[in-house]
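In what follows, a structure is listed as structure tokens, so that the remarks can point back to it.
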Amino acid sequence: MEFQEGMMTLMIHQPVEKKQRERKKEKKAEKKGTETGNTRSKWKIFQRSSSNSTVPLKNEVPKKEPPRDFLCPITGSLMADPVIVSSGHTFERACVDACKALNFTPILMDDSIADFSSVIPNLALKSAIAAWCRSSFIDAPKPLDSGSAEKLLRTFMASCCQSPKSKTTTEEKEKMVVVVTEKELIQTVRESPRLNLAAEIARRRIQFSSSLEESVEMMTSRMTPPAPLAISSSSSSSEIPLSNSSSSSSEIEAPNRSISSSFSSEEEEIVMSLKSQQVFEVEEALISLRKITRTREDTRAHLCTYRLLSALRSLIVSKYTGVQVNSVAALVNLSLEKSNKIKILRSGIVPPLIDVLKGGSPEAQEHAAGAVFSLALDDDNKTAIGVLGALQPLLHLLRAYSERTRHDSALALYYLSLVQTNRFKLVKLGAVPGLLNMAKTGHMTGRILLILCNLGSSVDGRVALLDAGAVECLVGMLRRAELVPESTQESCVGVLCALSHSGLRFKAVAKEAGVVEVLRKVEATGSARTRQKARMVLEVMKGKEEEEEVDWEELLNEEFESETRFGLGDGIGESSGNSS
Numbered sequence: 001m002e003f004q005e006g007m008m009t010l011m012i013h014q015p016v017e018k019k020q021r022e023r024k025k026e027k028k029a030e031k032k033g034t035e036t037g038n039t040r041s042k043w044k045i046f047q048r049s050s051s052n053s054t055v056p057l058k059n060e061v062p063k064k065e066p067p068r069d070f071l072c073p074i075t076g077s078l079m080a081d082p083v084i085v086s087s088g089h090t091f092e093r094a095c096v097d098a099c100k101a102l103n104f105t106p107i108l109m110d111d112s113i114a115d116f117s118s119v120i121p122n123l124a125l126k127s128a129i130a131a132w133c134r135s136s137f138i139d140a141p142k143p144l145d146s147g148s149a150e151k152l153l154r155t156f157m158a159s160c161c162q163s164p165k166s167k168t169t170t171e172e173k174e175k176m177v178v179v180v181t182e183k184e185l186i187q188t189v190r191e192s193p194r195l196n197l198a199a200e201i202a203r204r205r206i207q208f209s210s211s212l213e214e215s216v217e218m219m220t221s222r223m224t225p226p227a228p229l230a231i232s233s234s235s236s237s238s239e240i241p242l243s244n245s246s247s248s249s250s251e252i253e254a255p256n257r258s259i260s261s262s263f264s265s266e267e268e269e270i271v272m273s274l275k276s277q278q279v280f281e282v283e284e285a286l287i288s289l290r291k292i293t294r295t296r297e298d299t300r301a302h303l304c305t306y307r308l309l310s311a312l313r314s315l316i317v318s319k320y321t322g323v324q325v326n327s328v329a330a331l332v333n334l335s336l337e338k339s340n341k342i343k344i345l346r347s348g349i350v351p352p353l354i355d356v357l358k359g360g361s362p363e364a365q366e367h368a369a370g371a372v373f374s375l376a377l378d379d380d381n382k383t384a385i386g387v388l389g390a391l392q393p394l395l396h397l398l399r400a401y402s403e404r405t406r407h408d409s410a411l412a413l414y415y416l417s418l419v420q421t422n423r424f425k426l427v428k429l430g431a432v433p434g435l436l437n438m439a440k441t442g443h444m445t446g447r448i449l450l451i452l453c454n455l456g457s458s459v460d461g462r463v464a465l466l467d468a469g470a471v472e473c474l475v476g477m478l479r480r481a482e483l484v485p486e487s488t489q490e491s492c493v494g495v496l497c498a499l500s501h502s503g504l505r506f507k508a509v510a511k512e513a514g515v516v517e518v519l520r521k522v523e524a525t526g527s528a529r530t531r532q533k534a535r536m537v538l539e540v541m542k543g544k545e546e547e548e549e550v551d552w553e554e555l556l557n558e559e560f561e562s563e564t565r566f567g568l569g570d571g572i573g574e575s576s577g578n579s580s
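As structure tokens, this is what we get:
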């Protein structure tokens, strides 16, 4: 029995020992292969590491760092559904909803306070993020659900509430922040697997490290009075950027740092003067800023920082007329720079600017109308300006005493009405009858007709124009062609051309008003473009007449002809043959 038991244990353990020996031989062979450069063993290791683990390879190209414009200030990650809030900042929509649910108002790096009273979808930024993801071979971000957004917001709130009085070093604080946020993020990803964990952690590490450095710099600047001049360049460049992150980073890394430091010191000096408690010092600083930005075009881009715009925002609604006028005038000069237009809008300065349009001094209203006109030149600003409520006060200022105010308001309305949402708002505000009356009386007829042309490009606008008697008004103006400038004549025909798409209703009204007769005279004596538009209206009128004859015969036959449908069919066949 003992002999049999010994044989059984030998039979069981022998294959196990053989397998262990074979594994040891394989490991030795692999080590020798790596030392001697054996390609087969290398390929074997490469295949195992790629199939059994998700650790990135050493030779893999590192992912591009996303521009700061594309990152939500709360989550620090790419925004899937960016929205603009009333203060001008851009957030992830789910984070805005979470802030409202938790009754939390975030204070951002530039000490500005977010305002969530109104939310506007930022479609331009959304498409830019999608394009960047495609070019960088990165998956497009997916929208956050409410639960994930609330957890990320609570993490953001915890990081904002951390006490700065700790004696730990900056590196230790950075590690603590990163560990906490990554743990929270891992828990969030478990519940919401749509998030890309590796990408989110990398982005949040970059975001929190930069924000920590900025907060340390801001603390030191507040503790030591002489420090702000040395810190202002970094803090101003690290504020929430709204133009191009590549341009902001290139400004930081530019070799001519002496020039940027001089601009930052100048900006720091102006900002400190604007925050003075003495009214005369504030007014002197505004006059200096107004003069600098008017005569030195190179300073407009450098001085248009969020710190300066934040200071101007509170001065625009000042009760002192001189302060209000000069602050709005300085803003107009800053808005002349193309790269500043979006930055000014997103700084939250448009709502107080609209307040000036409604109830400011006449001179301040003149500058405010010019500022809105300048900002409306950028396509990305048009919808936001309309949503913030600029259309109604601009309509009122069309009858202002100042000629410059009237003309700038009309130009602002023209550029804003290039967007469908603003056209709908103008129609809803009942602007069409008043605009037609102004054009009829010769009050800025040329600019008013340009606005009416834009309104005529939408269905609602055409209906409102026909209801207000636009055809009769325009025909009356064309009958006085010898007294009307050529540009005004062309605009009148342009509005008629837009109205000609209204179908049978336009044909009936135009026939009664004598449009065909007037347009034939215009076709003979007008400019090339005016003649072309007149021909288009005449062709539409001719086609509508033929179609209308057939339709009216069908309707009459259906109601008043004999009861039998066989005879009715013959009548239709004859009438259709005659009309063709």
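The numbers in the UniProt record's numbering rise by one with no breaks, and the one at position 423 of the sequence shown is 423. Each residue gets a CB set at the ideal place from its N, CA and C atoms; glycine is no exception.
- Just measuring C-alpha positions, the residue of Arg479, Ser288 and Val484 sitting nearest Val516 is Arg479.
- The three-state secondary structure of Thr90, taken from DSSP, is strand.
- Residue state for Ile129 is assigned as helix, using DSSP reduced to three classes.
- When the Cα atoms are used, Leu78 and Val419 turn out to be separated by approximately 28 angstroms.
- When DSSP states are grouped into helix, strand and coil, Val83 belongs to the strand group.
- For Ile120, the uninterrupted beta strand (DSSP E) segment begins and ends at Val119 to Pro121.
- For the pair of segments examined, the segment 92-112 was found not to touch the segment 122-137: the number of CB pairs separated by less than 8 angstroms stays below three.
- By the neighbour-count criterion, in which 16 or more other beta carbons inside 10 Å mark a residue as buried, Gln324 falls on the buried side.
- Straight-line measurement puts the Cα of His367 at about 40 angstroms from the Cα of Val537.
- DSSP lists Ile113 as the beta-bridge partner residues of Ile107.
- For His396, the closest C-alpha among the options Leu465, Leu388, Leu429 and Ser374 is that of Leu429.
- In the DSSP assignment, no residue is bridged to Leu519.
- Apart from sequence neighbours up to five positions away, the residues of its chain that approach Val317 with a beta-carbon distance below 6 angstroms are Pro352 and Asp355, ordered along the chain.
- The beta carbons of Cys492 and Leu474 sit closer together than 8 angstroms.
- Pairing Asp115 with Ser86, the inter-Cα distance amounts to about 5 angstroms.
- Residue environment for Phe137: exposed (fewer than 16 other C-beta atoms within 10 angstroms of its C-beta).
- Gly503 and Ala130 have their alpha carbons spaced roughly 41 angstroms apart.
- The segment 280-307 contains no complete beta strand (DSSP E) run of 3 or more residues.
- Judged by DSSP in its simplified three-state form, Leu452 adopts helix.
- Only exposed fits Val459, as fewer than 16 other CB atoms lie within 10 angstroms of its CB.
- DSSP places Leu334 within a helical segment (H, G or I) once states are collapsed to three.
- Assignment of Leu474 by DSSP, reduced to helix, strand and coil, places it in the helix class.
- By DSSP's assignment, Leu78 forms a beta bridge with Leu71.
- The criterion of a C-beta distance shorter than 8 angstroms is not satisfied by Leu153 and Ile84.
- Our two residues, Thr405 and Ala369, have alpha carbons roughly 6 angstroms apart in a direct line.
- When the Cα atoms are used, Thr295 and Asn333 turn out to be separated by approximately 9 angstroms.
- Counted as a single uninterrupted DSSP element, the alpha helix (DSSP H) harbouring Ser409 occupies residues Glu403 to Leu416.
- Rounded to whole angstroms, the gap between the alpha carbons of Pro141 and Ala80 is 5 angstroms.
- DSSP, read as helix, strand or coil, puts Met438 in helix.
- Taking C-alpha positions only, Ile448 is separated from Arg535 by approximately 23 angstroms.
- In the three-state reduction of the DSSP assignment, Ile349 falls in the coil class.
- A straight-line Cα-Cα distance of about 39 angstroms links Cys453 and Ser135.
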